[in-house]
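Note that the numbering used here numbers the sequence shown so that position 89 is 329, with each residue one more than the last. For each residue, glycine too, the CB sits at the ideal point set by N, CA and C. Bear in mind the structure is a predicted one, so any value in this text is a computation, not a measurement.
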Amino acid sequence: MLPRLELHHFATVQAIVDAGSLTAAAERLSITQSAVSHRLAEAERRIGHPLFERRPARGLQPTPAGLRLYQSAARALPDLLRAERDVVRAAGSPQAVVRLGVGSYDCYHWLPPYHHHLVETFPDVLLELVVVGESPGARLLDGDVDVVLAPGRPSGPVVSRPLFTDELVLLTHPDHELARQAWIEPEALADQTYFTYNRSPSPGFEYDRFLRPSGVATRTVLVIEDTGAIVEMVAAGLGVSILSRWATAPSIADGKVAAVPCGAAGLDLEWGALLRDGTADDAPEARVADDLATWLAA
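Laid out in structure tokens, this is it:
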């Protein structure tokens, strides 16, 4: 059974939600406002439900049906565009496209020098960056990304090529009282505002290995899903966080934040290059994973 709606209907719904009005959506789609109205009316006729409602104070707002289509469009359209782009590139160039993602942390200080190295080492490989968020393994298995640079232990039919050993450290403002400690114990965080990027604690990270065994609860826990934003909040003196030393190395080196070991022995953190199980050793993504391990170790 074929879908009732075509791709341009999904693109129209997405543009209206993102832009907030028919006029702005028309500009995004490079068509007239009347064409947007016609597409919307046709989509509503085909689907049998209103997709938007007009509210005096807020303009066009998606109905539950419209929101459901918008969510599907936001996931599917970028993937279709990537697939189309990959096919076009493959037809016109011998280069293989390898989509590389970073799991858990928003850290890209390593990317420009590595990209420069890759261009010289593997001119037949074209690197793309994919934001994978908190579920790198799932995105890998769904085919959204080919290689994921990620900390911790992978789950599912995923293999990890070891990269390097890192450390989880407490980040504070440079003038914070804890910044002067040689290391901290969990009890030191009891009266702190604590920032975390993960709504559900992951096995093998700071909560599982450091906070939970002690039974200590921080005064306030705030979820900020972007680790770069967490660093900015810590640098502003608004709280503390436990993050990867390597991922936050530029901010530590610049004196923007201070890094304090967690416990006398510290908390080690293993990084790996994740690949789908069964990936051939000579596949472009496997070559990139192996090369990345060598480059990071240099």
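Look at Asp382 and Val338 and say whether their C-beta atoms are less than 8 Å apart. no
Indicate whether Asp364 and Trp486 have their beta-carbon atoms separated by less than 8 Å. no
Can you tell me whether Thr534 is buried or exposed, with buried defined as 16 or more other CB within 10 angstroms of its CB? exposed
Give the DSSP-derived three-state secondary structure of Ala469 in the structure shown. helix
Grab the span of the beta strand (DSSP E) containing Tyr434 for me, first residue to last. 433-436
Proximity of Ile492 and Phe435 at Cβ, strictly below 8 Å: no
Taking its Cβ as the centre, do 16 or more other Cβ atoms sit within 10 Å of Tyr348, making it buried, or is it exposed? exposed
Burial state of Leu181 (16 or more Cβ within 10 Å): With the chain represented from 241 up to 538, any question about residue 181 goes unanswered, as that position is not in the structure.
Which of the three DSSP states is assigned to Ile424 in this structure? strand
Kindly identify the DSSP beta-bridge partner or partners of Ser481. Leu411
Does DSSP put Asp521 in a helix, a strand or coil? coil
Rounded separation between Arg279 and Gly455 - CA only: 57 Å
Inter-residue Cα distance where the pair is Gly506 and Pro243: 55 Å
In terms of DSSP beta bridges, what is Trp511 paired with? Pro391, Phe404
Among Glu417, Ile482, Arg449, His416, which residue has its Cα nearest to the Cα of Tyr437? Ile482
Thr252, enclosing alpha helix (DSSP H) - first and last residue: 247-259
Limits of the unbroken alpha helix (DSSP H) element including Gly341: Note, Gly341: premise wrong, no alpha helix (DSSP H); beta strand (DSSP E) at 336-342.
Determine the direct distance from the alpha carbon of His248 to that of Glu267, and round the result to whole angstroms. 15 Å
Residue range of the beta strand (DSSP E) that includes Arg295: 292-295
Roughly how many angstroms separate the alpha carbons of Pro426 and Gly503, rounded to a whole number? 8 Å
Since Pro414 and Gly495 should fall inside the 8 Å C-beta cutoff, what is the C-beta to C-beta distance between them, to a whole number of angstroms? 6 Å
With H, G and I counted as helix, E and B as strand and the rest as coil, what does DSSP make of Ala430? coil
Report the three-state DSSP secondary structure of Pro501 (helix, strand or coil). strand
Per DSSP, what are the beta-bridge partners of Pro443 in this structure? None; Pro443 has no bridge partner.
Just mark His416 as buried or exposed, buried being the case when its beta carbon has 16 or more other beta carbons within 10 Å. buried
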